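To start, the structure under review is shown below, and the notes come after it.
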Amino acid sequence: MANVPRIGAKEAYGKMEEGALLVCAYEEEEKCKKINLEGSLNLREFEQRAGNLGKDRELIFYCA
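Counting from 1, one number per residue, gives the positions in the sequence shown under the UniProt record's numbering.
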């Protein structure tokens, strides 16, 4: 299993400003709508767009 680092909100925001993509890690769309962070995708949207995203683009998955 890969070692996935945890980062805080400030660092995530900075990475988003540099082009990272924020992905809501809930399968239930309603949970993602409640959190609704600007510019984020829910898992379903991410799966649909995954083929069009650059392979070198950093991804940040979040749940709360």
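Beta carbons are placed, not taken as given, at the ideal position from N, Cα and C, and that holds for glycine.
Remember, it's a predicted structure, so these values are computed and weren't measured experimentally.
Look up Cys63 in the DSSP assignment and say whether it is helix, strand or coil.
-> coil
Consider the Cβ of Lys31: report whether some Cβ of chain C lies at a distance smaller than 8 Å.
-> Considering every chain present, this structure includes no chain C. It has just one protein chain.
Residues bridged to Cys24 [DSSP beta-bridge criterion] = Asn42 and Tyr62
May I ask you to report which of helix, strand or coil DSSP gives Arg57?
-> coil
Which of helix, strand or coil does DSSP assign to Gly14?
-> helix
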